[in-house]
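Counting in numbering that gives the first Met the number 0, the sequence shown runs from 0 upward without gaps.
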Amino acid sequence: MVSKELLQPFNYQIDEFMIDNLSKYGTPHTFNTNDIIVDIGQDLTSIPLLIEGNIKVLREDEDGNELLLYVLESGDTCAMSLTCCMAKSKSKIRAVADKDSIIVMISTQKMQEWFHSNESWRNFILQSYQIRFNEMLETIDTLAFLKMDERLYKYLKDQAKLNSSIIIPKTHQDIAEDLHTSRVVVSRLLKQLENEQKIKLSRNKIELLDF
Numbered sequence: 000m001v002s003k004e005l006l007q008p009f010n011y012q013i014d015e016f017m018i019d020n021l022s023k024y025g026t027p028h029t030f031n032t033n034d035i036i037v038d039i040g041q042d043l044t045s046i047p048l049l050i051e052g053n054i055k056v057l058r059e060d061e062d063g064n065e066l067l068l069y070v071l072e073s074g075d076t077c078a079m080s081l082t083c084c085m086a087k088s089k090s091k092i093r094a095v096a097d098k099d100s101i102i103v104m105i106s107t108q109k110m111q112e113w114f115h116s117n118e119s120w121r122n123f124i125l126q127s128y129q130i131r132f133n134e135m136l137e138t139i140d141t142l143a144f145l146k147m148d149e150r151l152y153k154y155l156k157d158q159a160k161l162n163s164s165i166i167i168p169k170t171h172q173d174i175a176e177d178l179h180t181s182r183v184v185v186s187r188l189l190k191q192l193e194n195e196q197k198i199k200l201s202r203n204k205i206e207l208l209d210f
């Protein structure tokens, strides 16, 4: 059982009937920063609805290197999890809490039942697919067409927008993992951005100056 107050981020996306259903059938979970919420190879029997916090959705190569696909915010769900649930296949992504987060889990059975019976829920699911697809296209474009310094600066600006703050509490290693590169490269490029007076470097945080 989930309180309707907790479901407020979804009030403008689905109708009152669906809010009642999410309240009745949803299961709340809390995660701390860096907790793994969904892992690669995991059997998925429910989908996550993000109430509070941010979640990084990542892919992993054969060597264990991770690539950031997109970040979920309050009021989002994960299209990759939806796809795996619908196909009854194992997870192909890893979802990690980027900050302390609250999630409501909905069973696959209920998700599918509501998809066929409720228009607002169906529209929410389809829109979620479209938004996540667009974000993955943007990730591909960034990898294909931007130099690493441009990717880094875009990443910093995206983080600032995501957290509504020009202070980005990330270590050089955190950023390197998200951008699928080395810490040495990130440190060098951050110093370059600082020399260009676009950022200010401090211990375990970065301040955007040109934003």
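Just so it is clear, CB atoms sit at the ideal spot from N, CA and C, and this is done for glycine as well.
CA-to-CA distance, residue j to residue i, given in whole angstroms
i	j	result
residue 33	residue 67	14 Å
residue 182	residue 99	25 Å
residue 159	residue 177	15 Å
residue 7	residue 14	12 Å
residue 195	residue 208	10 Å
residue 36	residue 62	21 Å
residue 51	residue 77	14 Å
residue 79	residue 54	13 Å
residue 87	residue 39	14 Å
residue 151	residue 141	10 Å
residue 145	residue 115	41 Å
Identity of the residue in the options nearest residue i by Cα
i	options	result
residue 203	168, 131 and 157	168
residue 44	64, 57, 54 and 82	82
residue 4	101, 191, 199 and 193	101
Cut-off 7 Å between Cβ atoms - residues of its own chain near residue i, not counting five sequence neighbours on either side
i	result
residue 230	Absent from the structure is residue 230, since the part of the chain shown begins at 0 and ends at 210.
residue 180	147
residue 165	159, 206, 207 and 210
Proximity test, residue i beta-carbon vs the ligand PLP heavy atom, cut-off 6 Å
i	result
residue 175	No copy of the ligand PLP occurs in the structure displayed, which carries no ligand at all.
Own chain residues within Cβ distance below 8 Å of residue i, not counting five before or after
i	result
residue 103	1, 5, 6, 21, 25, 26, 27, 28, 47, 48 and 50
residue 18	3, 6, 9 and 10
| request: Any chance you could list the alpha helix (DSSP H) runs of at least 4 consecutive residues sitting entirely within the stretch 153-209, in chain order? | output: Listed in chain order, the complete alpha helix (DSSP H) runs (minimum 4 residues) inside the stretch 153-209 are 171-178 and 182-194.
| task | Any chance you could list the beta strand (DSSP E) runs of at least 3 consecutive residues sitting entirely within the stretch 95-130, in chain order? | result | Entirely contained in the stretch 95-130, the beta strand (DSSP E) runs reaching 3 residues are, in chain order, 100-106.
| Taking one C-beta from the stretch 13-30 and one from the stretch 57-74 each time, how about it: are there three or more such pairs within less than 8 Å? | No: fewer than three Cβ pairs fall under 8 Å.
| Would you call the stretch 150-164 and the stretch 101-110 touching, i.e. three or more CB-CB distances under 8 Å? | no
| message | My parser needs the beta strand (DSSP E) runs of 3 or more residues fully inside the stretch 29-87; what are they? | response | 35-37, 45-51, 54-59 and 65-71
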